[in-house]
Amino acid sequence: MTRHLLDVDDLSGPELNEVLALGTDTDPRPVLAGRGAALVFEKPSNRTRNSTEMAVVALGGHPIYLRREEVDIDGRESAEDVARTLALYHSVIAARVYDHRVLQRMADSVSIPVVNLLSDHSHPLQAIADLLTIKAEFGDVEGRTVAWVGDYSNVARSLAKAAAMVGMGVRFACPAGYQPGTADLEVFESLGAPEVISTSDPGEAVDGTHVVVTDAWYLMGQEEEAAQRRPIFEPYRVDDDLMGLAAGDAIFMHCLPAHRGEEVTNSVLDGARSRVWPEAANRFNAARAAIEWLVGQANLPGIGNR
Ligand code: CP
């Protein structure tokens, strides 16, 4: 059965560890030699597009970048027919979509791996990059904690799942109305998190934690939403005072792009505890590792034999 990566818990715990090991491997196998990878972006990207394209190159393959206007999923043709067509020429489909269900429909239609490059539900390659960054810092991460401060989002969900799967505790400090639901908190527990805390108090979540993470309070282009959200999220800015409550060896992470001075101050983002640039660099290692692992699981026919 073809394996896909629509969220990080599509992998078992041991499989996630295999992907993490590949992420630190400096000698990747050319599993995509002579093969293509279709990279579909319904939304803009800097890190994800560049890291995934270069990951495909590092695996010996040829990436083809497809903008929303070119494929026009469910406009020009259905998500299923887009995926079936791409699978004729490529060995991997990776897509950034608005609606997670589109990814699921694409995955259900093809027998090549489909990789989520961010949906409204999840961002698994970001989570794998974040774990690579945390493990590079601390080595053995079991029993350490991650505190997410701000908006509970697709990025937060995937990171918390990934952290739980390697035995880390997960904490959330989010304003009322922007907090994880009970069902998600139960998922983190079931995935192995030794501690799951959801609070509206940033100080409570960050107290003694080893990793502090935040993200933008609103998406680019959502100016009306931004005006409504800013006063709600103001108490959730990560600044030096908040970082001072974390463990002495705590690090700060942010998937980027950052809204400097909003969710995080410049002094934290550019400070000694910040690992945002190694985190961004690990997007390449995460994409390379995940694609190498997924293609390694598949028995893919060469182009021309489909
Ligand atoms: N973190 C992230 O996904 O960045 P991009 O939106 O630039 O790809």
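In terms of our numbering, the sequence shown is residues 1255 to 1560. We put the CB at the ideal spot given by N, CA and C, even for glycine. It should be emphasised that the depicted structure is a prediction, and the values quoted were computed from it without experimental measurement.
Beta-carbon gap between residue i and residue j smaller than 7 Å
| i | j | result |
| --- | --- | --- |
| E1546 | L1276 | yes |
| V1424 | A1414 | yes |
| M1507 | L1270 | no |
| S1452 | S1412 | no |
| P1511 | Y1490 | no |
| P1282 | R1483 | no |
| M1308 | F1487 | no |
| T1306 | A1348 | yes |
| V1364 | V1325 | no |
| T1302 | L1371 | yes |
| A1390 | I1366 | no |
| V1549 | P1378 | no |
| A1291 | P1317 | yes |
| H1464 | A1504 | yes |
| R1322 | E1296 | yes |
| A1500 | V1522 | no |
| N1520 | R1514 | yes |
| N1408 | D1374 | yes |
| L1554 | S1345 | yes |
Residue i, buried or exposed, once every other Cβ within 10 Å from all chains shown has been counted against 16
| i | result |
| --- | --- |
| D1494 | exposed |
| W1531 | exposed |
| A1401 | buried |
| T1280 | exposed |
| E1533 | buried |
| M1422 | buried |
| G1556 | exposed |
| E1517 | buried |
| A1481 | exposed |
| D1362 | exposed |
| T1468 | buried |
| T1399 | buried |
| R1289 | buried |
| P1298 | exposed |
| E1477 | exposed |
| A1410 | buried |
| Y1472 | buried |
| P1268 | exposed |
| M1255 | exposed |
| A1287 | exposed |
| M1497 | buried |
| P1429 | buried |
| G1315 | buried |
| M1360 | buried |
| R1330 | exposed |
8 Å contact criterion, which residue i and residue j should meet: CB distance rounded
| i | j | result |
| --- | --- | --- |
| I1427 | S1444 | In the sequence on display, residue 1427 carries Ala and not Ile. No, A1427 and S1444 are not in contact; Cβ-Cβ is about 22 Å, not under 8 Å. |
| Q1380 | Y1406 | About 15 Å; that fails the 8 Å criterion. |
| V1403 | V1460 | 7 Å |
| L1274 | L1385 | 6 Å |
| L1313 | V1285 | 5 Å |
| N1536 | A1383 | 4 Å |
Residue i, enclosing alpha helix (DSSP H) - first and last residue
| i | result |
| --- | --- |
| H1354 | H1354 to S1363 |
| T1468 | Element bounds for T1468: not the alpha helix (DSSP H) but the beta strand (DSSP E), V1465 to T1468. |
| M1308 | R1301 to A1312 |
| I1451 | I1451 -> not in any alpha helix (DSSP H); beta strand (DSSP E) instead, spanning V1450 to T1453. |
| V1530 | V1530 to Q1551 |
| N1408 | N1408 to M1419 |
| S1444 | T1436 to L1445 |
| L1385 | P1378 to F1392 |
| R1484 | E1477 to F1487 |
| A1459 | P1456 to V1460 |
| L1286 | From DSSP, L1286 is part of no alpha helix (DSSP H); its letter is neither H nor E. |
| A1275 | G1267 to G1277 |
Sheet register partners of residue i (DSSP bridge)
| i | result |
| --- | --- |
| L1320 | V1294 |
| E1331 | I1327 |
| N1370 | A1349 |
| H1508 | T1468 |
| L1259 | V1369 |
| V1424 | V1400 and V1450 |
| V1492 | V1518 |
Where the beta strand (DSSP E) containing residue i begins and where it ends
| i | result |
| --- | --- |
| R1514 | No beta strand (DSSP E) contains R1514, which DSSP labels as neither H nor E. |
| T1399 | T1399 to V1403 |
Contact with chain B by residue i, beta-carbon distance below 7 Å
| i | result |
| --- | --- |
| T1399 | In the displayed structure, chain B is absent; only one protein chain is listed. |
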